[in-house]
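Novice: Attaching a single structure in structure tokens format; questions to follow.
Protein chains in written order, with the working numbering: chain A, 1 to 188; chain B, 1 to 449.
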């Protein structure tokens, strides 16, 4: 009986540590990315759904970063798999240079889902990818307003400000020019 | 035993000991035997305690879902940690110092379970983590697994089986595509199966140690709802893959009859309706199934869609395992009750539907034979209920039989093209007959008593 009680307390402690460990690991990991990660801006189209547990968010549809050339020497895969998008800053803004299946040892890259590979008439292979971000949580009353404002003003461009470090990324803010989206919406 | 009966026993026992009817030790044993049951009956205090903890937990989740953007990362992450550590510390305090207070143990389990979800929600919200709501629920399930065992808290186990069911259903890719949902879980089927086995271990432990406790009854309701939902999902997937209405009817009939028998044999926690989850769900499902096939209009619809139906595929693994299990349960039930059961209609629903679908498939028999068969069996089954109810002086059973007959009559009356006044008159006449027979039976039963 004493042994069972002892084991029960040991497991109690282990469960507490595991639960707290997962939460702390996530906090440390994402805070490190936010602090040390390289900043990239990608154009997005926000929409407004709802999550019962985490609240209102804008769903993000990334533009111009869903397709990228496959790196030279990479062999096509039939099944969807993990890949790495190599990011670069260029004169037209931020973009994905190429996609690889092997993890780069350095530089700015992001882990992505490679959905399929296709080949054009000039034998150039390109990969259709999904970025690991699909939502941005906002205050309950701002999210629907944001969608409304953005739909009404067709000229407004929204960029997702991403922080990327060692293959992982976090959305820091949604920006309209230099202003965060929530401030832009409140000012309208 | 109710509190009043226990108080009466407590008053009477000293005189029984004095008269030598029971020994002093026997009297003590009797009191301690019923003391635990009386304790289990203190349900209202427990229910309010659980409701309180559940509401506080859900309230916190709801407030956090508002997404307070005034709070920075530091405040949010601290909040996530404080909520989780607070719930863990409360659980520790209750387990260490209030281990005999069942209400607190149960409530702390519920709070801990909900705060785990709240912490994960804050982290997801703060860092805008992607993925579906099912991914979030899967992480929650994995991290809250064990809370029920460690405190122990059956209420946390109840929440866990509900969460497990949602994750299991979301992991059934065929169902997700059928419902056009963006579902799926990163937890493999074998891990989910393992979690379910551990949960069943906890359930068996509670059945052995506190079968009559309300918290164990809560677990039975959780299991009954979970199995029912999983079965409906599996049936929907099968139906989508190969539309076969007759085969589905046979499976449903087997499922509800088995539920009823499992409830009768093993999983009842008292005499009241809400204390018999498996039995009630099984009975309700079987009777609805039979009643829904008494209508001639429904038969016409089935007949018109006959081109979509094939012979019942009794050879599927699900059907074979159901038939074997049904047979085993039937033998066990017959050995236990050793007489014709009053609710024979529910127990024999699968046999009724096997014959019903066989007649429907036969081209030599008249088109209306299947309908007449199911109507006749329903009337016969309801009559058995009324006769048994009269013999055993159970007014509830008599009423059940009468309701079934009345519903059959009403269904046929609705089938017919009578005007509203005629239909209204039929309802009034049946109602008056119902009330009259009830009053007569009550008077007879009182005279007998």
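We put the CB at the ideal spot given by N, CA and C, even for glycine.
Consider the Cβ of residue 208 of chain B: report whether some Cβ of chain A lies at a distance smaller than 8 Å.
Specialist: no
Novice: Going by the DSSP bridge assignment, what does residue 450 of chain B pair with across the sheet?
Specialist: The structure shown does not extend to residue 450 of chain B, since chain B is modelled only from 1 through 449, so no value can be given for it.
Novice: Could you please give the first and the last residue of the uninterrupted alpha helix (DSSP H) stretch that includes residue 29 of chain A?
Specialist: Counting along the chain, residue 29 of chain A sits inside the alpha helix (DSSP H) bounded by residues 2 to 36.
Novice: Indicate whether residue 113 of chain A and residue 82 of chain A have their beta-carbon atoms separated by less than 8 Å.
Specialist: yes
Novice: Comparing alpha-carbon positions, which option in B:360, B:67, B:46 lies nearest residue 182 of chain A?
Specialist: B:67
Novice: Please classify residue 14 of chain B as buried or exposed, where buried requires at least 16 other C-beta atoms within 10 Å of its C-beta.
Specialist: exposed
Novice: So with Cβ pairs under 8 Å, would you call residue 18 of chain A a contact of chain B?
Specialist: yes
Novice: With distances taken from CA atoms, which of B:446, B:444, B:406, B:442 is nearest residue 433 of chain B?
Specialist: B:406
Novice: Please confirm if residue 308 of chain B has its CB atom under 8 Å from at least one CB of chain A.
Specialist: With a pLDDT of only 48 at residue 308 of chain B, under 50, the local geometry of the prediction cannot be trusted, and no value is derived from it.
Novice: Determine the DSSP secondary structure at residue 127 of chain B, reduced to helix, strand or coil.
Specialist: coil
Novice: Three-state secondary structure (DSSP) at residue 135 of chain A?
Specialist: strand
Novice: Taking DSSP's pairing of strands, which residues face residue 82 of chain A in a bridge?
Specialist: A:113, per the DSSP bridge assignment.
Novice: Under 7 Å between beta-carbons, which chain B residues line up against residue 30 of chain A? List them in chain order, please.
Specialist: 127
Novice: Apart from the five residues on each side of it in sequence, which residues of its chain come closer than 7 Å, Cβ to Cβ, to residue 149 of chain B?
Specialist: 202
Novice: Pull out every residue of the region 60 to 84 of chain B whose Cβ sits closer than 8 Å to any Cβ of chain A, in chain order.
Specialist: 61, 64, 65, 66, 67, 68, 69, 73, 77, 80, 81, 84
Novice: Among residues of its own chain, excluding the 5 on either side of residue 7 of chain B, which ones have a beta-carbon nearer than 8 Å to its beta-carbon?
Specialist: none
Novice: Taking all protein chains shown into account, do 16 or more other C-beta atoms lie within 10 angstroms of the C-beta of residue 33 of chain B, making it buried, or fewer, making it exposed?
Specialist: exposed
Novice: Distance, Cα to Cα, residue 100 of chain B vs residue 177 of chain B?
Specialist: 48 Å
Novice: Apart from the five residues on each side of it in sequence, which residues of its chain come closer than 7 Å, Cβ to Cβ, to residue 74 of chain B?
Specialist: none
Novice: Using the C-alpha atoms, what's the distance from residue 163 of chain A back to residue 39 of chain A?
Specialist: C-alpha separation (whole angstroms): 5 Å.
Novice: Which residues bound the beta strand (DSSP E) around residue 151 of chain B?
Specialist: No beta strand (DSSP E) contains residue 151 of chain B, which DSSP labels as neither H nor E.
Novice: Is there a Cβ from chain A that is less than 8 Å from the Cβ of residue 88 of chain B?
Specialist: It does: the Cβ of residue 88 of chain B has a partner Cβ on chain A nearer than 8 Å.
Novice: Please determine, among B:336, B:351, B:437, B:133, the residue with the shortest C-alpha to C-alpha distance to residue 253 of chain B.
Specialist: B:351
Novice: Using a Cβ-Cβ cutoff of less than 7 Å, which residues in the same chain neighbour residue 124 of chain B once the five nearest sequence positions on both sides are dropped?
Specialist: 136
Novice: Whose C-alpha, out of A:170, A:188, A:159, is nearest the C-alpha of residue 33 of chain A?
Specialist: A:170
Novice: Which chain A residues sit within Cβ distance under 7 Å of residue 456 of chain B?
Specialist: For residue 456 of chain B there is no data in the structure shown, the boundaries of chain B being 1 and 449.
Novice: By Cβ distance below 7 Å, which residues in the same chain neighbour residue 332 of chain B in space, the five residues on each side in sequence not counted?
Specialist: In its chain, beyond the 5 residues on either side, 265 have a beta carbon closer than 7 Å to the beta carbon of residue 332 of chain B.
Novice: Should residue 193 of chain B go down as buried or exposed, given a rule of 16 or more other Cβ atoms within 10 Å for buried?
Specialist: exposed
Novice: Relative to the C-alpha of residue 130 of chain A, which candidate in A:65, A:141, A:179 has its C-alpha closest?
Specialist: A:65
Novice: In whole angstroms, what is the alpha-carbon distance linking residue 161 of chain A and residue 90 of chain B?
Specialist: 40 Å
Novice: Applying a beta-carbon distance threshold of less than 7 Å, which residues of chain A neighbour residue 146 of chain B?
Specialist: 11, 15
Novice: Less than 8 Å between the beta carbons of residue 8 of chain A and residue 67 of chain A, yes or no?
Specialist: no
Novice: Assuming contact is defined by CB atoms lying nearer than 8 Å, are residue 135 of chain A and residue 57 of chain A in contact in what I supplied?
Specialist: yes
Novice: What span of residues does the alpha helix (DSSP H) with residue 385 of chain B cover, start to end?
Specialist: 369 to 391
Novice: At a cut-off of 7 Å, is residue 119 of chain B close to the ligand MG when judged by its beta-carbon and the heavy atoms of the ligand?
Specialist: With respect to small molecules bound, the structure shown includes none, and the ligand MG cannot be examined in it.
Novice: Are residue 42 of chain A and residue 115 of chain A close, meaning C-beta to C-beta below 8 Å?
Specialist: no
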